[in-house]
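> Below is the structure I would like to discuss, written out as structure tokens.
In full-length UniProt numbering, the protein residues as written are 1 to 346.
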């Protein structure tokens with residue numbers, strides 16, 4: 001008696017699925033996209049006073065080949081459309097003035113370091129991701145003000161021949177306004193000839209719809225990596241492996257390489273639980289260079305190896321070290337040794 005034909009088809013289907021799984025295991029998914037570069041960067045802190053000498057050499061010794069410079073604009077409240085900035089204000093820290101930015105660029109360029117202009121907004125009693133207007137009129141005013149702000153720095157970046165510009169950072173409730181952001185990017189392109197990115201918060205990057213208008217998908221990569229204090233390296237690497245498919249889904253859609261425009265960890269036992277929490281909120285937390293270093297190690301063992309990652313910028317690096325603790329900087333800590341080992345390896 002002949003076997004029912006549906007059994008044959010079922011076996012064939014199961015066999016085909018097994019074969020696909022085997023091929024997937026033996027021949028992993030093709031590279032989504034291969035970045036042309038691998039920037040090994042830090043987020044440079046603009047200093048109060050001019051550089052004394054030796055600061056850039058110290059950074060270069062870690063193997064770093066890139067840094068971001070961050071001048072600020074100020075917004076009095078998260079629901080206010082007014083933005084203040086003054087590029088000639090002598091009361092500003094030297095490192096955030098056009099003169100200081102140029103001097104830092106010149107100093108780092110002698111060591112072959114790429115500079116990214118990355119202006120930020122500072123909101124009094126709030127986080128920039130909470131900026132949201134209460135009326136369409138205020139939204140129009142805010143975008144007009146923000147466009148003027150970012151165009152000033154785009155023009156400065158062009159004058160200084162800085163090769164990369166970040167058009168915005170963590171403006172999570174504004175980035176849903178796709179039309180307005182595309183208009184800003186188009187205006188920036190008129191005055192700036194370098195490469196562009198936007199620094200989306202790790203909770204935001206999947207919702208941004210204008211990545212195709214930029215050169216990189218920028219992510220502030222403060223992904224939570226642990227549930228409790230003092231995590232193991234295994235837990236941290238597994239968490240990274242759980243987050244990476246989210247990023248690769250966006251890469252698959254937009255066919256753009258990724259920059260981790262910021263990433264960083266405090267030297268505290270809870271550093272991996274909520275990496276974005278500011279140091280002044282961790283003053284009662286136990287210090288731990290070990291946890292900070294493990295967070296760095298987990299990043300380098302996972303995300304850093306991806307071909308689609310065009311670079312990383314660690315928050316943050318001071319021209320002159322200080323003794324304020326806890327802090328995000330890896331300087332003089334075990335994390336700096338991890339960073340140097342991987343930066344110098346390639």
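By construction, the Cβ of each residue, glycine as well, lies at the ideal position given by its N, Cα and C atoms. Computed from a prediction, not measured in an experiment: that's the story for all the values here.
With residue 200 as the anchor, note down where its beta strand (DSSP E) starts and where it stops.
Within the chain shown, the letter at position 200 stands for residue 200. Element bounds for residue 200: 195-201.
> Below 8 angstroms on the Cβ atoms is my guess for residue 117 versus residue 66; work out the distance and round it to an integer in Å.
Position 117 of the chain shown, counted from the start, is the residue given in the question as residue 117. Position 66 of the chain shown, counted from the start, is the residue given in the question as residue 66. Taking a contact as a CB-CB distance under 8 angstroms, the pair residue 117 and residue 66 does not count as one, their CB atoms being some 12 angstroms apart.
> Rounded to a whole number of angstroms, what is the C-alpha to C-alpha distance between residue 22 and residue 216?
Along the chain shown, one-based indexing puts residue 22 at 22. Along the chain shown, one-based indexing puts residue 216 at 216. At residue 22, the pLDDT of 43 sits below 50, so the modelled position is not reliable; the number obtained from the coordinates is stated separately. Each residue's Cα considered, the two are about 33 angstroms apart.
> Using only CA atoms, which one of 300, 283, 334, 184 lies nearest to residue 357?
In this structure the chain extends from 1 to 346, so residue 357 is not present and cannot be described.
> Using only CA atoms, which one of 193, 148, 183 lies nearest to residue 158?
Walking along the chain shown from the start, residue 158 turns up at place 158. It is 193 whose Cα lies nearest to the Cα of residue 158.
> Is the Cβ-Cβ distance between residue 107 and residue 196 less than 8 angstroms?
As a first step, residue 107 is located in the chain shown; it is residue number 107 there, counting from the start. As a first step, residue 196 is located in the chain shown; it is residue number 196 there, counting from the start. Not in contact: residue 107 and residue 196 (Cβ atoms no closer than 8 angstroms).
> Please give me, in chain order, every unbroken run of the alpha helix (DSSP H) with length at least 4 that falls completely inside the segment 19-100.
Within the segment 19-100, the complete alpha helix (DSSP H) runs of at least 4 residues are 55-60.
> In three-state terms, what does DSSP make of residue 131?
The residue given as residue 131 occupies position 131 in the chain shown. The answer is coil: DSSP assigns residue 131 none of H, G, I, E or B.
> Out of 143, 85, 175, point me to the one whose CA is closest to residue 119's CA.
As a first step, residue 119 must be located in the chain shown, where it is residue number 119. Measuring from the Cα of residue 119, the nearest candidate turns out to be 85.
> Under a Cβ-count criterion, where at least 16 other Cβ atoms within 10 Å of its own Cβ denotes burial, should residue 154 be classed as buried or exposed?
Stepping through the chain shown from its first residue, residue 154 is reached at position 154. With 16 or more other Cβ atoms within 10 Å, it is buried.
> Considering only the alpha carbon of each residue, which of 268, 293, 73 lies closest to residue 93?
In the chain shown, counting from the first residue as 1, residue 93 sits at position 93. Checked all of 268, 293, 73; the closest Cα to residue 93 is 73.
> Answer yes if the segment 281-298 comes into contact with the segment 39-54, meaning at least three C-beta pairs across the two stretches below 8 angstroms, and no otherwise.
no
> Identify whether residue 243 lies in helix, strand or coil by the three-state DSSP scheme.
Translated into positions along the chain shown, residue 243 becomes position 243. Helix at residue 243.
> Compute every distance between the C-beta of residue 216 and the non-hydrogen atoms of the ligand GTP, then say whether any falls below 7 angstroms.
This structure lacks the ligand GTP, and indeed carries no ligand of any kind.
> Would you mind giving the Cβ-Cβ distance between residue 261 and residue 199, rounded to the nearest angstrom? I have them listed as a contact below 8 angstroms.
Translated into the one-based positions of the chain shown, residue 261 becomes position 261. Translated into the one-based positions of the chain shown, residue 199 becomes position 199. 4 angstroms between Cβ atoms; contact.
> If I measure Cβ to Cβ from residue 190 and keep anything under 7 angstroms in the same chain, skipping five residues before and after, which residues do I get?
For the purposes of this step, residue 190 is taken as residue 190 along the chain shown, with counting starting at 1. Excluding sequence positions up to five before and after residue 190, its CB lies less than 7 angstroms from no other CB in the same chain.
> Should the segment 137-150 be regarded as contacting the segment 94-105, the criterion being three or more beta carbon pairs within less than 8 angstroms?
The segment 137-150 vs the segment 94-105: no contact.
> Just checking, does the segment 170-185 make contact with the segment 122-138 on the three C-beta pairs under 8 angstroms criterion?
yes
> Could you give the distance in angstroms between the alpha-carbon of residue 337 and the alpha-carbon of residue 142?
Start at 1 with the first residue of the chain shown, and residue 337 comes out as number 337. Start at 1 with the first residue of the chain shown, and residue 142 comes out as number 142. Near 43 angstroms, if we compare the C-alpha coordinates of residue 142 and residue 337.
> For residue 239, I'd like the list of residues in its chain whose CB is within less than 6 angstroms of its CB, leaving aside the five on either flank, ordered along the chain.
Your numbering for residue 239 matches position 239 in the chain shown. Only 225 meet the Cβ criterion.
> Any beta-carbon of chain B closer than 8 angstroms to the one on residue 328?
As a matter of chain content, chain B is missing from the structure shown, which is built from one protein chain.
> From residue 35 to residue 304, what distance separates their C-alpha atoms?
As a first step, residue 35 must be located in the chain shown, where it is residue number 35. As a first step, residue 304 must be located in the chain shown, where it is residue number 304. C-alpha separation (whole angstroms): 12 angstroms.
> Nearest-angstrom Cα distance between residue 354 and residue 163?
The requested residue 354 is not part of the displayed model; the chain covers only 1 to 346.
> In angstroms with no decimal places, state the Cα-to-Cα distance between residue 268 and residue 325.
Reading the chain shown from its first residue, position 268 is the one you call residue 268. Reading the chain shown from its first residue, position 325 is the one you call residue 325. Residue 268 and residue 325: Cα-Cα distance of roughly 10 angstroms.
> Alpha carbon to alpha carbon, what distance is there between residue 182 and residue 252?
As a first step, residue 252 is located in the chain shown; it is residue number 252 there, counting from the start. As a first step, residue 182 is located in the chain shown; it is residue number 182 there, counting from the start. C-alpha separation (whole angstroms): 21 angstroms.
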